[in-house]
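Protein chains in written order, with the UniProt record's numbering: chain V, 1 to 243; chain U, 1 to 288.
Now the structure itself:
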């Protein structure tokens, strides 16, 4: 069956559509909000000064299927927040965000989602399960994951004995073993060695060359130029903070 | 919905998702949708909970059976201490304390776990897409697996102490369902509440600690006057759930007051759970 044959009109839908997306956090009086303050404020008829931090200000964006978007911008410009919105992790405080299809997100530190007591093999299964894959489907892929990660015999050892580069190898391989329509990557692949990074980049390329949608946030122009076709600089679109 | 298949294998369409988030937030609809997705992902939270328990006991010889052993030691000590202090007949007192404490432990485990089910999973909530209700369901599953290991002690005690089993045992499934529903519901409202107001977590710990004395576990309700009962335990929802759980195991029929109490508690708790979870669901990621 040709690829077109199994595609329906959902193909015409954009992969990601953000319309007037705002993400704003409240920071109360720069103190932690606790019960004592709530009670004393009530008694003293005092109000907390609420500072509003704007992480994403009115973003409008349509990302089509097969687009490869690089997000750049200075620290605090909202790259990671925007990825969290696209992944459905954060609901915008204003506006609408829609992501069509199955999303895989490589967010957080190298040990994110790993259980230190479990072996690499067991963690590979539970990483997939956390992302909605069945345990049996993950088990079928274990040989491939073991081979691609290059962990060899260490695949059977508890993850607490892994270096951070080995954690990166395990996590990247297990997550990208899943089928997905949209891949969200924050700050590249991570602290693995050059040999693995080269293969990991090859795997990313395989993913988007079959029309997968990629959104990658990074400070590295080289990385973004290598993988992305368009670049969005959030530093430029960022509106001033309002309160 | 059908989508293009990238890797050559088959895409399981049930795992394909359409994520749509829209402000204003906090509608019952988004809460129900999340809880529905949570229930449909039962294999996910069930597998993850079992794995978490296995790794908790990984470097021990007896593994999860430590839960059973710890329960035997605690219930044995408790029965002996209060049996002698209060001059009880141990043949009746040991099964009474065993059933009571194991039921109580299941319920308070879910309350305490429910209080931390959001804050304790902050990093997963910030990085792993999926329904948030699974954190409430994982808390339920973890405590229920613990309870299943403890329940073996109940069976052994009932056999050893020759407790007469009657047809009132038919009330037991009702008790299990009621406690399970209440355990999930309490996690649905308490988890987000603690994420928003961290003090509530501390309050829960203090209250659960004294509830042990205000629930009929090591003292017997029928020894007291009605007024004493109301003051001591009548206000405590756990009393009714525990009575419904324990009486069938000891061959007694639960009272009408117990049944009505459990019905009211469950309806209120489940309603509060669904409403509060729905209202806060879209803000939870901002609070952790």
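Heads up, the beta-carbon is just placed ideally off N, CA and C, and yes, glycines get one too.
Helix, strand or coil: which one does DSSP assign to residue i?
i: residue 66/U; result: helix
i: residue 152/U; result: helix
i: residue 58/V; result: strand
i: residue 179/U; result: helix
i: residue 226/U; result: helix
i: residue 70/V; result: strand
i: residue 232/U; result: helix
i: residue 92/U; result: helix
i: residue 24/V; result: strand
i: residue 241/V; result: Low confidence applies here, because residue 241/V scores a pLDDT of 41, under 50, leaving its location unreliable; read the following figure in that light. Coil at residue 241/V, not helix or strand.
i: residue 158/V; result: strand
i: residue 105/U; result: helix
i: residue 5/V; result: Caution is warranted here: a pLDDT of 33 is assigned to residue 5/V, below 50, making its placement in the model unreliable, and the coordinate value is therefore given only provisionally. Reduced to three states, the DSSP call for residue 5/V is helix.
i: residue 15/U; result: Reliability fails at residue 15/U, whose pLDDT of 33 lies under 50, so the model's placement of it is uncertain and the value that follows must be treated cautiously. Reduced to three states, the DSSP call for residue 15/U is helix.
i: residue 118/U; result: coil
i: residue 198/U; result: coil
i: residue 79/V; result: helix
i: residue 136/V; result: helix
i: residue 217/V; result: strand
i: residue 209/U; result: helix
Could you tell me whether the Cβ of residue i comes closer than 9 angstroms to any Cβ of chain U?
i: residue 124/V; result: no
i: residue 112/V; result: yes
i: residue 204/V; result: no
i: residue 115/V; result: yes
i: residue 188/V; result: no
i: residue 301/V; result: With chain V represented from 1 up to 243, any question about residue 301/V goes unanswered, as that position is not in the structure.
i: residue 103/V; result: yes
Does the Cβ of residue i have 16 or more other Cβ atoms within 10 Å, making it buried, or fewer, making it exposed?
i: residue 228/U; result: exposed
i: residue 207/U; result: exposed
i: residue 214/V; result: buried
i: residue 225/V; result: exposed
i: residue 91/V; result: buried
i: residue 95/U; result: buried
i: residue 100/V; result: buried
i: residue 62/U; result: exposed
i: residue 43/V; result: exposed
i: residue 60/V; result: exposed
i: residue 75/V; result: exposed
i: residue 118/U; result: buried
i: residue 247/V; result: As shown, chain V starts at 1 and ends at 243. That puts residue 247/V outside it, with no answer to give.
i: residue 126/V; result: buried
i: residue 243/U; result: buried
i: residue 202/V; result: exposed
i: residue 79/U; result: buried
Return the residue from the list the options that minimises the CA-CA distance to residue i.
i: residue 217/U; options: 95/U, 126/U, 100/U; result: 100/U
i: residue 207/V; options: 185/V, 23/V, 41/V; result: 185/V
i: residue 211/U; options: 202/U, 237/U, 224/U; result: 237/U
i: residue 287/U; options: 114/U, 125/U, 189/U; result: 125/U
i: residue 120/U; options: 233/U, 78/U, 280/U, 198/U; result: 198/U
i: residue 201/U; options: 140/U, 60/U, 42/U, 114/U; result: 114/U
i: residue 141/V; options: 165/V, 170/V, 116/V; result: 170/V
i: residue 263/U; options: 231/U, 191/U, 241/U, 248/U; result: 241/U
i: residue 234/U; options: 252/U, 260/U, 40/U, 186/U; result: 260/U
i: residue 58/U; options: 122/V, 167/V, 132/V; result: 122/V
i: residue 31/U; options: 117/U, 213/U, 188/U, 141/U; result: 188/U
i: residue 108/U; options: 186/U, 127/U, 159/U, 47/U; result: 186/U
i: residue 177/V; options: 165/V, 143/V, 158/V, 197/V; result: 143/V
i: residue 105/U; options: 130/U, 74/U, 123/U, 118/U; result: 74/U
i: residue 112/U; options: 127/U, 222/U, 203/U; result: 203/U
i: residue 103/V; options: 131/V, 22/V, 69/V, 157/V; result: 131/V
i: residue 248/U; options: 180/U, 158/U, 54/U, 47/U; result: 158/U
i: residue 179/U; options: 64/U, 103/U, 42/U; result: 103/U
i: residue 133/V; options: 71/U, 209/U, 47/U; result: 47/U
My understanding is that residue i touches residue j, with C-beta atoms under 8 angstroms, so please give their C-beta distance in whole angstroms.
i: residue 153/U; j: residue 68/U; result: 6 angstroms
i: residue 188/V; j: residue 136/V; result: Contact doesn't hold; Cβ gap of about 32 angstroms is too wide.
i: residue 194/V; j: residue 168/V; result: Their Cβ separation, rounded to whole angstroms, is 13 angstroms, which puts residue 194/V and residue 168/V out of contact at 8 angstroms.
i: residue 217/V; j: residue 18/V; result: Actually they do not touch by this definition, with Cβ atoms about 14 angstroms apart.
i: residue 182/V; j: residue 15/V; result: 5 angstroms
Please decide whether residue i counts as near chain V, where near means a Cβ-Cβ distance under 9 angstroms.
i: residue 55/U; result: yes
i: residue 44/U; result: yes
i: residue 156/U; result: no
i: residue 41/U; result: yes
i: residue 6/U; result: Reliability of the predicted coordinates at residue 6/U is poor, the pLDDT of 27 falling under 50, and no value is obtained from them.
i: residue 145/U; result: no
i: residue 58/U; result: yes
i: residue 228/U; result: no
i: residue 133/U; result: no
i: residue 61/U; result: no
Since residue i meets chain C, which of its residues come closer than 8 angstroms, beta carbon to beta carbon?
i: residue 131/V; result: As a matter of chain content, chain C is missing from the structure shown, whose protein chains are V and U.
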